[in-house]
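Novice: Once you've had a glance at the structure underneath, I'll fire off some questions.
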DNA sequence: GTTTGCATTTTAGAAGCTTAAAATGCAAAC
DNA sequence: GTTTGCATTTTAAGCTTCTAAAATGCAAAC
């Protein structure tokens with residue numbers, strides 16, 4: 001609805017909205033420009049535009065020469081939050097990934113082709129390509145143009161990522177600077193609790209993946225060592241792009257969730273050694289489950305050999321995942 | 323000397339030169355355009371320009387309608403290699419790092435300022451900033467401009483990187499896809515041998531760092547798991563930017579080199595378990611040596627507290643490192 | 001039939017200009 | 001003195017044009 005609002009302005013509007021929802025800004029509170037600017041680390045201009053946005057939504061009211069005040073209209077807040085969420089465009093990154101996986105893009109592409117196809121400007125495209133290159137999806141050719149790399153021949157790449165996580169995640173829990181983030185822990189604890197209910201929710205494999213990843217990111221994120229945090233993020237980002245044949249064993253989900261909850265308990269109790277041991281076992285378990293699912297005993301040693309097309313046992317349905 | 327040659331052309335010239343030096347292209351061999359284009363994954367244009375460059379240097383000779391031939395002039399080859407090395411400009415990245423560490427750049431900077439100061443175009447600057455951001459040196463401010471992050475308060479960051487390496491490097495040696503790269507191994511073996519001579523060369527701390535890093539990168543690089551390889555590269559890149567007070571204990575260098583050589587032996591013999599154990603001990607050793615040097619027993623638990631300025635024991639001389 | 005030499009086409013980076021949007025300054029209102 | 005409301009300045013992204021350089025096509029030479 002807003003006539004024109006930059007992503008930054010919308011982001012700030014969302015954050016203010018969140019503060020209102022959290023009770024930090026009660027109904028009637030004055031929304032002071034300088035104060036908000038400081039809090040959100042921007043100047044007063046985008047703040048003012050965000051407030052205009054919130055005024056339009058009925059969340060804030062303008063009083064002449066006194067600035068904006070919180071109205072306290074819950075319904076309006078919800079509506080505003082909704083519309084502010086919708087406004088964000090998906091990055092071409094995901095669409096390119098999907099098209100490539102579906103075979104709609106050739107091995108070699110030029111920036112020109114991509115810019116035209118996805119209707120993005122050069123700079124934006126470059127950012128996306130850089131990110132893909134970092135994730136080893138694509139690489140720059142020596143002259144010009146880009147080459148899609150053999151898409152993570154999935155079974156092997158997946159196994160590699162698990163071995164990597166096995167090396168770093170338990171170690172992260174043993175970092176001397178480890179500090180539990182109570183808020184984040186509470187949030188993932190809530191999610192995991194849902195999964196161990198007598199009647200667990202039916203989740204798509206995407207949702208399962210999200211919840212699981214969030215859990216692991218949260219416990220690693222508290223380790224205070226940026227090397228571990230970043231490494232973990234990278235491994236997950238890449239893993240996220242490939243999903244195997246829907247893996248829909250509710251028993252296994254619940255078992256994993258039980259282990260996750262136990263891990264939260266141990267970390268909150270400061271029993272890091274024990275947590276690390278459990279995490280190691282836990283990752284091994286998951287890996288094993290997946291490996292069985294994929295019939296990895298027949299997996300060739302080298303990653304670039306292919307299974308004969310007739311042998312469909314352990315075949316993957318590689319689907320883009322978002 | 324060359325009137326104009328792109329970085330790509332120079333790179334290709336270097337590679338052809340390397341092939342000649344390695345005997346792959348003996349004196350008198352014809353340098354066929356299409357063949358070289360295929361080998362270096364480019365079209366025939368940059369190949370031709372590279373050959374012209376080599377002709378100017380006296381390494382190749384042109385025969386009318388028969389293309390270029392290797393002359394076999396060793397002296398010319400050496401001279402050419404030399405001049406092709408010199409031609410490469412240092413990226414602004416390093417200079418920005420140096421200036422920031424020396425306090426010649428403020429906490430907040432705009433792209434405009436940097437582009438003017440370092441005489442680079444917007445695109446190049448952007449690339450450099452992106453890289454710095456990935457290495458957690460700098461971050462984009464919400465509105466515009468960039469903020470330098472509190473420079474890796476060195477003692478803590480260094481310790482963090484060692485703990486990270488301790489988690490990944492030994493694990494990399496145990497990867498199932500580990501394959502020794504004989505050529506690369508031979509090269510680092512030669513470097514390490516030099517250090518254990520009765521009269522070892524006097525090395526600057528930079529050179530010591532380079533040789534050490536190359537060693538670790540090489541043994542990790544053979545693991546076949548891109549997650550480990552990339553993580554290791556990142557940790558080293560960041561570590562590279564900070565150097566402590568020149569650490570000049572020749573005995574310690576030699577001891578480390580002995581361990582490095584032992585590691586190469588074990589890996590070549592396929593004794594990965596043992597190699598991983600030794601590497602773990604080795605990294606612990608280095609960390610300990612450095613920690614003693616820094617008086618880390620007095621190091622506060624949290625990374626952002628500062629040592630009292632009066633206490634200079636274990637103080638660091640943070641110097642840019644290149 | 002291969003390979004070269006050169007002309008032509010295509011690509012992506014650079015330079016300059018325009019513009020949306022963020023930062024800043026300041027008088028007026030409280 | 002604070003805070004607002006608005007004008008002004010500054011920044012960086014977008015757009016257009018231009019250009020260096022890589023890719024490609026093809027006739028001629030062997």
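Residue numbers (the working numbering), protein chains in the order written: chain A, 1 to 322; chain B, 323 to 644. Even glycine gets a Cβ: it sits at the ideal position worked out from N, Cα and C.
Is any heavy atom in the ligand ADP found nearer than 6 Å to the beta carbon of residue 12(A)?
Specialist: The model on display carries no ligand, and the ligand ADP is accordingly not part of it.
Novice: On a Cα-Cα basis, can you pick out the residue from 108(A), 158(A), 215(A), 272(A) that is closest to residue 260(A)?
Specialist: Position 260 of the first chain, counted from the first residue, corresponds to residue 260(A). Closest in alpha carbon position to residue 260(A), among 108(A), 158(A), 215(A), 272(A), is 215(A).
Novice: Count the other CB atoms within 10 Å of the CB of residue 212(A); is the residue buried (16 or more) or exposed (fewer)?
Specialist: Indexing the first chain from 1 puts residue 212(A) at position 212. Buried, by the Cβ-count rule.
Novice: Looking at the unbroken beta strand (DSSP E) that takes in residue 63(A), where does it start and where does it end?
Specialist: Position 63 of the first chain, counted from the first residue, corresponds to residue 63(A). Where residue 63(A) is concerned, the enclosing beta strand (DSSP E) stretches over 60–63.
Novice: From what residue to what residue does the alpha helix (DSSP H) around residue 122(A) run?
Specialist: Residue 122(A) sits at position 122 when you count from the first residue of the first chain. From DSSP, the alpha helix (DSSP H) with residue 122(A) extends over 122–134.
Novice: Is residue 363(B) close to chain A, meaning its C-beta is less than 7 Å from at least one C-beta of that chain?
Specialist: Stepping through the second chain from its first residue, residue 363(B) is reached at position 41. True, the Cβ-Cβ gap to chain A drops below 7 Å.
Novice: Any beta carbon from chain B within less than 7 Å of residue 64(A)'s own beta carbon?
Specialist: Indexing the first chain from 1 puts residue 64(A) at position 64. Taking Cβ atoms only, chain B never reaches closer than 7 Å to residue 64(A), which makes this a no.
Novice: Within a Cβ cutoff of 6 Å, which residues of the same chain sit near residue 299(A), ignoring the five residues on either side of it in sequence?
Specialist: By one-based count along the first chain, residue 299(A) stands at place 299. Note that residue 299(A) scores 41 on pLDDT, short of 50, meaning its location in the model is unreliable; the coordinates nonetheless yield the value given after this. Answer for residue 299(A): 155, listed in chain order.
Novice: List the whole-angstrom C-beta distance separating residue 178(A) from residue 224(A), where the pair is believed to meet the contact cut-off of C-beta under 8 Å.
Specialist: Taking the first residue of the first chain as 1, we reach residue 178(A) at position 178. Taking the first residue of the first chain as 1, we reach residue 224(A) at position 224. Between residue 224(A) and residue 178(A) the Cβ distance is about 6 Å, and since that is below 8 Å, they are a contact.
Novice: Would residue 580(B) be called buried (16 or more neighbouring beta carbons within 10 Å of its own) or exposed?
Specialist: Counting from one through the second chain, the residue named residue 580(B) turns up at place 258. Residue 580(B) should be labelled exposed.
Novice: Using CA coordinates, which residue listed in 136(A), 137(A), 127(A), 241(A) is at the minimum distance from residue 455(B)?
Specialist: On the second chain, residue 455(B) is found 133 positions in, with the first residue counted as 1. Answer by Cα proximity: 127(A).
Novice: Going by beta carbon distance, what residues of the same chain come within less than 8 Å of residue 274(A), once the five residues before and after it are set aside?
Specialist: Residue numbering aside, residue 274(A) sits at position 274 when the first chain is read from its first letter. Once the five neighbours on either side are set aside, the close Cβ partners of residue 274(A) are 266.
Novice: Taking the straight line between their C-alpha atoms, what separation do you get for residue 10(A) and residue 49(A)?
Specialist: Here residue 10(A) refers to the residue found at position 10 of the first chain. Here residue 49(A) refers to the residue found at position 49 of the first chain. Roughly 9 Å between the two C-alpha positions.
Novice: So what does DSSP say about residue 139(A), is it helix, strand or coil?
Specialist: Taking the first residue of the first chain as position 1, residue 139(A) is located at position 139. Strand, per DSSP.
Novice: Here's the rule: buried if 16 or more other CB atoms are within 10 angstroms of the residue's CB, otherwise exposed. What is residue 144(A)?
Specialist: Translated into positions along the first chain, residue 144(A) becomes position 144. Counting C-beta atoms within 10 angstroms of its own C-beta, residue 144(A) has fewer than 16 neighbours from the protein chains shown and is therefore classed as exposed.
Novice: Whose C-alpha, out of 192(A), 21(A), 262(A), 197(A), is nearest the C-alpha of residue 209(A)?
Specialist: Taking the first chain and counting its residues from 1, the one referred to as residue 209(A) is at position 209. Nearest of 192(A), 21(A), 262(A), 197(A) to residue 209(A), Cα basis: 192(A).
Novice: To the nearest angstrom, report how far apart residue 601(B) and residue 493(B) are at their CA atoms.
Specialist: Looking up residue 601(B) in the second chain gives position 279. Looking up residue 493(B) in the second chain gives position 171. C-alpha separation (whole angstroms): 10 Å.
Novice: What is the DSSP secondary structure of residue 556(B), reduced to helix, strand or coil?
Specialist: As a working note, residue 556(B) is residue 234 in the second chain. Of the three classes helix, strand and coil, the one that applies to residue 556(B) here is helix, per DSSP.
Novice: By the three-class DSSP mapping on this structure, what secondary structure does residue 388(B) have?
Specialist: Locating residue 388(B) in the second chain gives position 66, counting from the first residue. Coil, per DSSP.
Novice: List the residues of chain B that residue 164(A) touches, going by C-beta distances under 7 Å, in chain order.
Specialist: What you label residue 164(A) is simply residue 164 of the first chain in a count that begins at 1. The contacting residues are 547, 549, 550.
Novice: How many whole angstroms separate the CB atoms of residue 226(A) and residue 458(B), which I take to be in contact at a CB cut-off of 8 Å?
Specialist: Counting from 1 along the first chain, the entry for residue 226(A) is found at position 226. Counting from 1 along the second chain, the entry for residue 458(B) is found at position 136. Confirmed, Cβ separation roughly 6 Å.
Novice: Check whether the region 403–412 of chain B and the region 362–370 of chain B are in contact - that is, three or more C-beta pairs closer than 8 Å.
Specialist: no
Novice: Does any CB atom of chain B fall closer than 7 Å to the CB of residue 49(A)?
Specialist: Translated into positions along the first chain, residue 49(A) becomes position 49. No, its Cβ sits nowhere closer than 7 Å to a Cβ of chain B.
Novice: Are three or more beta carbon pairs between the region 51–68 of chain A and the region 104–121 of chain A nearer than 8 Å?
Specialist: no
Novice: Within its chain, find whatever has a CB closer than 8 Å to the CB of residue 332(A); leave out the 5 residues flanking it on each side and keep chain order.
Specialist: As shown, chain A starts at 1 and ends at 322. That puts residue 332(A) outside it, with no answer to give.
Novice: Can you tell which of 262(A), 251(A), 72(A), 115(A) has its C-alpha closest to the C-alpha of residue 22(A)?
Specialist: For the purposes of this step, residue 22(A) is taken as residue 22 along the first chain, with counting starting at 1. Of the listed residues, the one whose Cα sits closest to residue 22(A) is 72(A).
Novice: Expressed to the nearest angstrom, what Euclidean distance is found between the alpha-carbon atoms of residue 271(A) and residue 607(B)?
Specialist: As a working mapping, residue 271(A) is identified with position 271 in the first chain. As a working mapping, residue 607(B) is identified with position 285 in the second chain. Answer to the nearest angstrom: the Cα atoms are 27 Å apart.
Novice: From the beta carbon of residue 161(A), is the nearest beta carbon of chain B less than 7 Å away?
Specialist: In the first chain, the residue the question calls residue 161(A) occupies position 161. Yes, residue 161(A) lies at the interface with chain B (some Cβ there is under 7 Å from its Cβ).
Novice: Taking only beta-carbon atoms, is residue 541(B) less than 7 Å away from chain A?
Specialist: Along the second chain, read from residue 1 onward, the residue named residue 541(B) stands at position 219. No, residue 541(B) lies away from the interface with chain A (no Cβ there is under 7 Å from its Cβ).
Novice: Is residue 298(A) helix, strand or coil when you go by DSSP?
Specialist: As a first step, residue 298(A) is located in the first chain; it is residue number 298 there, counting from the start. With a pLDDT of 41 at residue 298(A), under the threshold of 50, the modelled position of that residue is not reliable, and no figure is offered here.
Novice: My understanding is that residue 76(A) touches residue 57(A), with C-beta atoms under 8 Å, so please give their C-beta distance in whole angstroms.
Specialist: Your numbering for residue 76(A) matches position 76 in the first chain. Your numbering for residue 57(A) matches position 57 in the first chain. The pair is a contact, with the Cβ atoms about 6 Å apart (cut-off 8 Å).
Novice: When the Cα atoms are used, what is the spatial distance from residue 163(A) to residue 234(A)?
Specialist: Walking along the first chain from the start, residue 163(A) turns up at place 163. Walking along the first chain from the start, residue 234(A) turns up at place 234. Residue 163(A) and residue 234(A): Cα-Cα distance of roughly 14 Å.
Novice: To the nearest angstrom, how far is the alpha carbon of residue 111(A) from that of residue 217(A)?
Specialist: Here the question's residue 111(A) lines up with position 111 in the first chain. Here the question's residue 217(A) lines up with position 217 in the first chain. If I take the Cα positions, the gap works out to 33 Å.
Novice: Runs of 4 residues minimum, wholly inside the region 174–217 of chain A: which ones carry the alpha helix (DSSP H) assignment?
Specialist: 182–195
Novice: Only counting the same chain, and skipping five residues up and downstream in sequence, which positions put a Cβ closer than 7 Å to that of residue 644(B)?
Specialist: As a first step, residue 644(B) must be located in the second chain, where it is residue number 322. Because the pLDDT of residue 644(B) is 28, which lies under 50, any placement of that residue in the model is unreliable, and the number read from its coordinates should be weighed accordingly. 416.
Novice: Does residue 334(A) come within less than 7 Å of chain B when only Cβ atoms are used?
Specialist: Chain A is shown from 1 up to 322; residue 334(A) falls before or after that span and cannot be answered.
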